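**Q** What follows is a structure written as structure tokens; I'll ask about it next.
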Amino acid sequence: MANFIDRRLNSKNKSTVNRQRFLRRYKNQIKKSVSEAINKRGVTDIDSGESIVIPNKDLSEPTFHQGDGGIKDRVHPGNDQFSTGDRIPRPPKGQGQGAGQGDASDSGEGEDDFTFSISKEEYLNLLFEDLELPNLEKNQLDKLIEYKTVRSGYCAEGVASNIDIVKSLQGSIARRIAMTSSKRKQLKMLEEELLALINDKHDNIKQKRELMAKIESIKEKIAKVPFIDTFDLRFRNYAKQAVPTSKAVMFCLMDVSGSMDQATKEMAKRFYILLYLFLSRTYKNIDVIYIRHHTQAKEVDEHEFFYSQETGGTIASSALELMNDIISERYNDNQWNIYGAQASDGDNWADDSPRCQEILENQILPKSRYFSYIEITQRAHQTLWKHYQQVEESHTNFAMQHIKTVADIYPVFREFFKKNTQSAA
Amino acid sequence: MTNYQNETITKTTVTPLDDTPDWTFDLLGQYQQEIARVADFYRLDTYTNQIEVITAEQMMDAYASVGMPIGYSHWTFGKKFIQTEQTYKRGQMGLAYEIVINSSPCISYLMEENTLTMQALVMAHACYGHNSFFKGNYLFKSWTDASSIIDYLLFAKNYISQCEQKYGISEVESTLDACHALMSHGVDRYKRPQKISLDEELKRQSERAEYLQSQVNALWRTVPKKEQQENEKKYKFPKEPQENILYFIEKNAPLLQPWQREIVRIVRKISQYFYPQKQTQVMNEGWACFWHYTILNHLYDEGLVTDKFMLEFLHSHTNVVAQPEYNSKYYSGINPYALGFNMFIDIRRICEHPTEEDKEYFPEIAGSNWVDTVHFAMENFKDESFISQYLSPKLIRDFKLFHIHDDSDNNYVEIGAIHNEQGYKKVRHNLANQYNLSNLEVNIQIVDANIDGDRALTLRYTPHNGVELGNSKDEVLKHLYYLWHFDVKIIQEDSDGEDKVIACCPQKKEDD
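One line per chain: the protein sequences are A and B, in this order.
Residues in the first sequence are numbered from 1 upward in steps of one, following the working numbering.
Residues in the second sequence are numbered from 1 upward in steps of one, following the working numbering.
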């Protein structure tokens with residue numbers, strides 16, 4: 001006696017809840033692991049999850065169990081050399097005579113840490129928990145330029161390809177019932193009369209004939225009601241609905257003049273990675289434009305952006321100008337969400353800084369959702385910083401931060417996008 | 001489509017069953033039919049089988065919930081799932097071919113990826129081997145109620161998820177954590193238990209009892225102080241040491257919420273459900289292996305399965321019952337499949353072809369009917385007693401078993417006995433002890449609750465062979481403290497015969 005049941009199509013992820021519980025419990029450790037791992041990634045490398053490491057002792061489920069010491073008798077298989085009474089030196093294992101009693105846990109020897117992968121989704125959730133894109137709600141509505149066609153009920157007129165057969169036939173049935181009901185009533189009455197006549201003892205030939213003729217004519221009338229009428233037809237109706245655009249472009253601007261060394265660039269890179277990952281949570285398609293500049297700006301690919309070395313002075317406004325040009329050429333600000341991130345060590349040709357401020361305020365910021373500036377330097381701020389401070393005071397979609405070491409990057413990033421703290425200064 | 005049924009019933013045709021690698025439900029049915037017939041021939045009495053085909057991922061799910069088909073939600077199960085998934089994906093470990101659940105109907109899982117031969121092997125192993133063990137063995141009979149376990153697990157899952165909604169995930173999680181830490185101390189070892197799950201009415205009754213109990217607890221608080229002092233230490237509570245810590249907590253913890261009591265109870269019940277499985281691993285696996293081996297060979301002798309089928313089957317079978325030797329890098333203790341399988345095979349051999357030695361060691365079974373004998377062995381023993389009763393000198397020689405005596409006072413270990421005439425009994429005795437649960441699990445009992453005073457809970461650890469209590473004791477004590485809410489401590493008698501506190505919670509800063 002046996003029943004076979006095919007469970008293969010049952011919900012697969014029975015353990016999902018338990019997995020979520022697990023992640024929830026170890027959130028802090030996982031978060032730590034996540035923010036450490038951010039340093040190892042390429043800018044657009046977001047298709048992978050992340051490997052998480054948790055020290056094994058944090059995960060243990062304690063129970064009362066036997067410890068060291070005492071007498072232990074064990075039986076093993078495969079004796080190949082021993083005889084009764086043989087004495088073998090104890091294998092070195094550093095067994096102390098009884099564990100120290102005050103120590104909460106001293107069993108940290110050589111245990112492998114617990115390593116596991118979290119999915120991309122889980123990774124990003126943890127990385128950007130409690131962060132949001134600033135001002136998103138406020139300007140969401142002014143940029144509704146894309147439309148999408150959605151169903152919106154039925155209408156009586158339309159093109160043939162949109163006929164809804166079920167609705168139309170429902171209409172047809174309703175119309176036919178409505179138009180024939182009185183005749184059906186008559187028909188029913190007449191048929192009852194006829195039945196009465198047939199059951200009658202007398203022949204009533206003439207009356208029968210008349211009745212039958214009447215019945216026939218009513219039946220004909222009923223049959224004449226058309227099966228389908230243009231009146232019945234129903235067409236599917238469509239409407240256009242405006243949807244916020246899901247395209248975004250991210251401009252990475254970086255100073256590559258002689259004063260920027262590779263370490264500084266690395267720091268800038270981490271920042272761009274974070275920004276990219278964060279944007280990818282909100283937008284489906286993201287273009288990334290790399291603009292590097294010394295005295296002149298140039299659009300380059302990722303590799304060149306981060307790794308090629310240039311020398312020379314610094315004119316930051318050239319990059320801003322190029323960005324503005326690219327926006328006008330390729331990224332209509334009605335269709336694209338524009339984000340800018342500028343990284344620099346703060347060096348700029350002193351006369352150029354007012355120009356930067358001007359371009360930002362008049363050209364770029366009105367079109368951009370958000371523009372962030374990070375200054376990576378150990379030295380004192382220079383003119384660019386001072387001018388940007390003025391920009392920050394008057395614009396809510398501009399933010400600037402100062403980064404000194406690698407460890408600052410993630411906190412600074414969180415500072416930029418912390419929920420509800422974008423107080424318009 | 002029902003042709004095959006006629007075939008098997010009349011048994012005139014001996015065309016072998018299909019042996020293609022890919023299984024179909026039709027073919028599974030045919031094999032199952034034949035296996036059932038042979039199992040019946042050997043008097044295997046089983047619960048009705050419910051055979052469920054699942055995917056590898058679902059198998060990992062089943063793993064993670066430690067074999068409970070319906071488990072409540074808890075992070076440890078998530079952790080287990082992640083671990084299983086990883087070792088599986090790295091290829092370090094194959095998944096078990098089957099999981100079988102002690103329930104009526106008896107649920108067995110077949111993994112989709114298995115070949116037809118493997119499915120037949122699994123059906124013989126799980127659906128007839130394990131299943132008949134669950135139904136016949138005395139431990140399972142007295143400790144578990146197969147017909148209601150599924151209902152109970154469902155109740156537990158729903159109850160715990162309701163609690164999570166009412167009291168928050170964190171609270172429930174802490175309570176469960178605390179219960180899990182004490183899970184192996186939730187069983188009455190020396191007392192036969194009630195059936196695991198009572199029907200609805202009894203459950204309600206127990207809830208009422210618990211409610212009353214909580215009222216009693218409340219009353220304690222109102223007992224006037226004066227009287228308390230007078231009565232101090234006149235009587236001891238609990239009167240006798242309590243080994244079932246969870247039960248004691250459930251009934252006596254003063255400040256536990258009713259829902260927490262119920263959760264303690266759930267964990268305790270589940271612990272009890274798994275208690276027999278812990279004690280019969282060798283027997284249970286041995287029995288199942290013995291029967292899949294016997295049944296499929298029987299089918300082969302009848303000409304119902306092909307050579308090809310047998311070769312594949314024997315290949316898997318040999319892997320399962322392999323026993324690496326102590327110096328092999330694959331050695332990780334004695335393989336219960338190997339030991340159990342060989343013991344049952346050996347019992348059959350002793351019955352059918354006894355040697356002089358067997359007649360001396362096993363006068364009562366040598367030459368007896370082997371089917372009767374193995375059934376008797378399966379029904380009336382657990383690992384410890386099974387080994388001490390049936391492990392034969394021949395098997396000790398085959399396995400080349402040897403005994404190591406390890407006294408921490410010496411800087412050497414000593415070979416206590418090997419597979420020779422003088423050693424047989426000693427090896428057997430020590431191997432049996434190795435499966436004695438009361439030697440494996442620590443002996444820790446509640447000795448005093450001081451309900452008239454500060455309600456400090458005292459536990460006594462009695463070492464076995466001088467083995468210290470493992471150093472996670474402080475962590476466990478924190479969990480116990482969470483449930484009890486008042487001071488808890490563990491005492492142990494030291495070499496001078498005086499009680500010494502070896503752990504307490506909350507920890508006091510005392511310098512002796």
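Heads up, the beta-carbon is just placed ideally off N, CA and C, and yes, glycines get one too.
Bear in mind that the values here come from a model prediction, so they are computed numbers and not experimental data.
Buried or exposed for LYS201 (chain A), going by 16 or more other Cβ atoms inside 10 Å?
**A** exposed
**Q** Buried or exposed, going by whether 16 or more other CB atoms sit within 10 Å of the CB of ALA223 (chain A)?
**A** exposed
**Q** Under 9 Å between C-beta atoms, does SER197 (chain B) make it to chain A?
**A** Bear in mind that the predicted position of SER197 (chain B) carries a pLDDT of just 49, short of 50, making it unreliable; the figure below should be weighed with that in mind. No, SER197 (chain B) lies away from the interface with chain A (no Cβ there is under 9 Å from its Cβ).
**Q** Starting from THR115 (chain A), trace the alpha helix (DSSP H) in both directions and tell me its first and last residue.
**A** Note, THR115 (chain A): premise wrong, no alpha helix (DSSP H); beta strand (DSSP E) at 114-118.
**Q** From this set, B:GLN30, B:PHE274 and B:ILE169, which residue's C-alpha is nearest ARG21 (chain A)'s C-alpha?
**A** B:ILE169
**Q** Report back the beta-carbon spacing between TRP370 (chain B) and LEU44 (chain B) to the nearest angstrom; my notes put them in contact at under 8 Å.
**A** Going by Cβ atoms, the distance from TRP370 (chain B) to LEU44 (chain B) rounds to 14 Å, so no, they are not a contact pair.
**Q** With H, G and I counted as helix, E and B as strand and the rest as coil, what does DSSP make of ARG7 (chain A)?
**A** coil
**Q** Below 7 Å CB to CB, which residues in the same chain sit around GLN281 (chain B) once its five sequence neighbours on both sides are set aside?
**A** PRO336 and ASP383
**Q** Can you pull the chain A residues whose beta carbon is under 7 Å from the beta carbon of LYS166 (chain B), in chain order?
**A** The contacting residues do not exist; LYS166 (chain B) stays about 17 Å from chain A at best.
**Q** By the 7 Å beta-carbon criterion, what residues does the segment 118-144 of chain B contribute toward chain A?
**A** For the segment 118-144 of chain B, the set of positions with a beta-carbon nearer than 7 Å to some beta-carbon of chain A reads CYS127 in chain order.
**Q** Give a yes or no on whether the C-beta atoms belonging to TYR167 (chain B) and ILE266 (chain B) are separated by under 9 Å.
**A** Cβ distance not < 9 Å, so TYR167 (chain B) and ILE266 (chain B) don't count as in contact.
**Q** Could you tell me the boundaries of the beta strand (DSSP E) in which ILE222 (chain A) lies?
**A** No beta strand (DSSP E) contains ILE222 (chain A), which is instead part of the alpha helix (DSSP H) from 205-224.
**Q** SER161 (chain A) to SER152 (chain A), Cα distance in whole Å?
**A** 16 Å
**Q** Shortest alpha-carbon distance to CYS106 (chain B) belongs to which of B:ALA120, B:ASN114, B:THR87 and B:PRO69?
**A** B:PRO69
**Q** Let me confirm a value: LYS269 (chain B) is counted as buried when at least 16 other C-beta atoms fall within 10 Å, else exposed. Which label applies?
**A** buried
**Q** I need the DSSP call for ASN170 (chain A), collapsed to helix, strand or coil.
**A** A quick correction: the sequence has Gln, not Asn, at residue 170 (chain A). The answer is helix: DSSP assigns GLN170 (chain A) an H, G or I state.
**Q** Could you tell me the boundaries of the beta strand (DSSP E) in which VAL447 (chain B) lies?
**A** 443-448 is the extent of the beta strand (DSSP E) around VAL447 (chain B).
**Q** Starting from the Cα of SER408 (chain B), find the closest Cα among A:GLN207, A:LEU9, A:ILE71 and A:ASP351 and give me that residue.
**A** Of the candidates A:GLN207, A:LEU9, A:ILE71 and A:ASP351, the one whose C-alpha sits nearest the C-alpha of SER408 (chain B) is A:ILE71.
**Q** At a CB-CB cut-off below 8 Å, which residues of chain A make contact with LEU401 (chain B)?
**A** VAL75, HIS76, PRO77 and ASN79
**Q** Run through chain B and tell me which residues come within less than 7 Å of VAL17 (chain A), C-beta to C-beta.
**A** In chain order: SER73.
**Q** Using a C-beta to C-beta distance shorter than 8 Å, which residues of chain A count as neighbours of ILE444 (chain B)?
**A** Near ILE444 (chain B) (Cβ distances below 8 Å), the residues of chain A are PHE64.
**Q** Please list the terminal residues of the continuous beta strand (DSSP E) segment that includes MET250 (chain A).
**A** 247-255
**Q** Taking 9 Å as the CB-CB limit, is HIS298 (chain B) close to chain A?
**A** Cβ-Cβ to chain A under 9 Å: no for HIS298 (chain B).
**Q** From the DSSP output, read off the bridge partner residues of TYR461 (chain B).
**A** B:ILE444
**Q** Entirely within the segment 320-396 of chain A and at least 3 residues each: give me those beta strand (DSSP E) ranges in chain order.
**A** 337-344 and 370-376
**Q** Let me check one thing: in DSSP terms, what residues is LEU469 (chain B) bridge-paired to?
**A** A:GLN66
**Q** Would ILE326 (chain A) and GLU299 (chain A) be called neighbours here (beta carbons separated by less than 9 Å)?
**A** Less than 9 Å divides the Cβ of ILE326 (chain A) from the Cβ of GLU299 (chain A).
**Q** Assuming PRO276 (chain B) contacts PHE140 (chain B) under a Cβ cut-off of 8 Å, what Cβ separation, rounded to an integer in Å, is found between them?
**A** 5 Å
**Q** In whole angstroms, what is the alpha-carbon distance linking CYS351 (chain B) and MET59 (chain B)?
**A** 39 Å
**Q** Under the three-state reduction of DSSP, which class applies to ARG281 (chain A): helix, strand or coil?
**A** In the structure shown, ARG281 (chain A) adopts helical secondary structure according to DSSP, grouped into three states.
**Q** One question on the structure: do LEU320 (chain A) and ARG292 (chain A) come within less than 9 Å of each other, judged by their Cβ atoms?
**A** no
**Q** So, at 7 Å on beta carbons, what are the nonlocal neighbours of PHE416 (chain A) in its own chain, with the 5 sequence-adjacent residues on each side left out?
**A** SER372, ALA399 and GLN401
**Q** Kindly indicate if chain B contains any beta-carbon less than 9 Å away from that of GLN29 (chain A).
**A** no
**Q** When you compare the segment 304-321 of chain A with the segment 254-265 of chain A, are there three or more beta-carbon pairs, one atom per stretch, that lie closer than 8 Å?
**A** Segments in contact, yes.
**Q** Could you tell me which chain B residues have their CB closer than 9 Å to the CB of ILE376 (chain A), listed as they occur along the chain?
**A** Neighbours of ILE376 (chain A) on chain B: none; closest Cβ ~38 Å, over 9 Å.
**Q** Can you tell which of B:ILE490, B:GLN507 and B:LEU483 has its C-alpha closest to the C-alpha of TYR247 (chain B)?
**A** B:LEU483
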